[in-house]
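Below: one structure, written as structure tokens.
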Amino acid sequence: MQSRGVSDPDMLKELEVTLARISVTEKALDSIADLIRARKFNEGFSATAMNMVMERLLKEKLTKRLVPKLTLIALNALLSGETKIAIQLGKFFDLIVEDAEVEISESEAGSWQLILWQNGDQRLDGSNHFEALRIFELAIHKLFAKFLANSTKIRRKVALIYIQQGELGSAEEALALCQSQYKVEALHQILLFIIFMLLEHLWQSNIDQEGRVLTTLDGPKMAYWFRTLLVCSFDLPHGQERTDKVAEIFKLVSDIVAEVNKAIERNKEETEGQGPDDAGPKALPLDETHWFCVQAWNTGLEYKDNGDVETGKNLCKHAIKIAGAEPGCAARCKIFMTQFSVIFEQKAVASVASTILSDD
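Residue numbers (my numbering): 159 to 518.
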């Protein structure tokens, strides 16, 4: 089986004859694994060979114990670039889930999911979105249903790929499949916000589509989501890179607030005069500009207190800018400017304490 110079069709014919004559043994699987590792045959051969062995396993109960071993061989082939073998992997996963005679430990399943996750990340880093998506879809197969946290993170990656490809409906569906306990997390909500913003930007949404996204956003929890996003910024690298990233985060969230507010106002206009049964979704109680500029200010002070004065200064400047752009925040803006002079420019102003402002 391992002689050089044999064509793929001849090799497949030999394998077919062999499988018809003898049982699938661990030794036979080792031979197939050696062939794949040696890369003596093209990708089509590896996938076809795996499919033939798979069919044999289905017919022969005694060899079902070899499914985990064959799955690992297929995973290794996938890591070597044999992308067509992903179809066979999906079949193996289906068999393991549906057939009680195929036993696999939780640790094995967990390790397989991590292998797929890492391989999907590699394809994504290489800008191969199609292959990354196919591998991530394998990594959230029902075989891995017990691993809720990991599967949620992978689904978010799937959603992000769909967003980048402009398939916003598919992105929304991927997020909808996440377990409810993870849907309140900041990253989940940010992805929903991005989908909403793109729908708005591309003018692909009507009032029903906007309403569907808006109703997923629970007004009272918005403070929690934004605050979580700001706190996540503490994990960023030090120095200028962190300053730049934090600025990006604030721009994103500021844009989100503006877009959601615009959509709600439009929603009010569209549903004006309609009966209660015809009206669109209730507008969210958004008074976020005041809240958000206070959060930006407080987070800036936290950065300063932790030794990152430059980032803290930039965040506080951002808070002043947000407050200054909103007529209703004029008094707050004046307080910020006075405190900024005291805290960052060392100007003594007796009438203003340099304490962190409350969130009221």
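In this text, a Cβ means the ideal position worked out from N, Cα and C, and glycines have one as well.
* Cys487 to Thr469, Cα distance in whole Å? -> Start at 1 with the first residue of the sequence shown, and residue 487 comes out as number 329. Start at 1 with the first residue of the sequence shown, and residue 469 comes out as number 311. The straight-line gap from Cα to Cα measures roughly 23 angstroms.
* Asked: How about Ala502 and Lys471: do their beta carbons lie closer than 7 angstroms?
  -> Here residue 502 is taken as the residue at index 344 of the sequence shown, counted from 1. Here residue 471 is taken as the residue at index 313 of the sequence shown, counted from 1. For clarity, residue 502 is Phe in the given sequence; the question names Ala instead. Yes. Within cutoff.
* Presumed contact (8 angstroms Cβ cut-off) between Ile293 and Glu330, rounded CB distance -> Taking the sequence shown and counting its residues from 1, the one referred to as residue 293 is at position 135. Taking the sequence shown and counting its residues from 1, the one referred to as residue 330 is at position 172. Actually they do not touch by this definition, with Cβ atoms about 21 angstroms apart.
* To do: Enumerate, from N- to C-terminal direction, the unbroken alpha helix (DSSP H) stretches of 4 or more residues contained entirely within the region 296-331.
  => Runs of the alpha helix (DSSP H) inside the region 296-331: 306-322.
* List the whole-angstrom C-beta distance separating Thr229 from Trp270, where the pair is believed to meet the contact cut-off of C-beta under 8 angstroms. => Locating residue 229 in the sequence shown gives position 71, counting from the first residue. Locating residue 270 in the sequence shown gives position 112, counting from the first residue. Confirmed, Cβ separation roughly 7 angstroms.
* Just curious, the alpha helix (DSSP H) that Asn277 is in, first and last residue? -> Here residue 277 corresponds to residue number 119 of the sequence shown, with the count starting at 1. Looking at the DSSP string, the run of the alpha helix (DSSP H) that includes Asn277 is Glu264 to Asp283.
* **Rounded distance between the beta-carbons of Leu306 and Ile273, thought under 8 angstroms** => Within the sequence shown, numbered from 1, the residue matching residue 273 stands at position 115. Within the sequence shown, numbered from 1, the residue matching residue 306 stands at position 148. Taking a contact as a CB-CB distance under 8 angstroms, the pair Ile273 and Leu306 does not count as one, their CB atoms being some 19 angstroms apart.
* Identify which residue in Ala267, Phe302 and Lys315 has its Cα closest to the Cα of Ala290. => Your numbering for residue 290 matches position 132 in the sequence shown. Among Ala267, Phe302 and Lys315, the Cα nearest to that of Ala290 belongs to Lys315.
* To do: Apply the 10 Å Cβ neighbour rule to Ala258 and answer buried if 16 or more other Cβ atoms are within range, or exposed otherwise.
  => Your numbering for residue 258 matches position 100 in the sequence shown. So Ala258 ends up on the exposed side.
* **Residue of Tyr340, Cys451, Ile321 and Leu282 minimising C-alpha distance to Gln481** => Here residue 481 corresponds to residue number 323 of the sequence shown, with the count starting at 1. Note on residue identity: the sequence assigns Ala, not Gln, to residue 481. When Tyr340, Cys451, Ile321 and Leu282 are compared, the shortest CA-CA separation from Ala481 is found for Cys451.
* **Residue range of the alpha helix (DSSP H) that includes Gln339** => As a working note, residue 339 is residue 181 in the sequence shown. DSSP places Gln339 outside any alpha helix (DSSP H), giving it a letter other than H or E.
* **Cβ-Cβ separation, Ile298 to Ile312 (assumed contact under 8 angstroms), whole Å** => For the purposes of this step, residue 312 is taken as residue 154 along the sequence shown, with counting starting at 1. For the purposes of this step, residue 298 is taken as residue 140 along the sequence shown, with counting starting at 1. Contact holds; Cβ gap of about 5 angstroms.
* Roughly how many whole angstroms lie between the Cα atoms of Lys304 and Cys491? -> For the purposes of this step, residue 304 is taken as the residue at position 146 of the sequence shown. For the purposes of this step, residue 491 is taken as the residue at position 333 of the sequence shown. Using only the alpha carbons, I get a separation of about 50 angstroms.
* To do: Can you say whether Leu459 is buried or exposed, counting buried as having 16 or more other CB atoms within 10 angstroms of its CB?
  => The count along the sequence shown starts at 1 and reaches residue 459 at position 301. Counting the other Cβ atoms within 10 Å of the Cβ of Leu459 gives 16 or more, which makes it buried.
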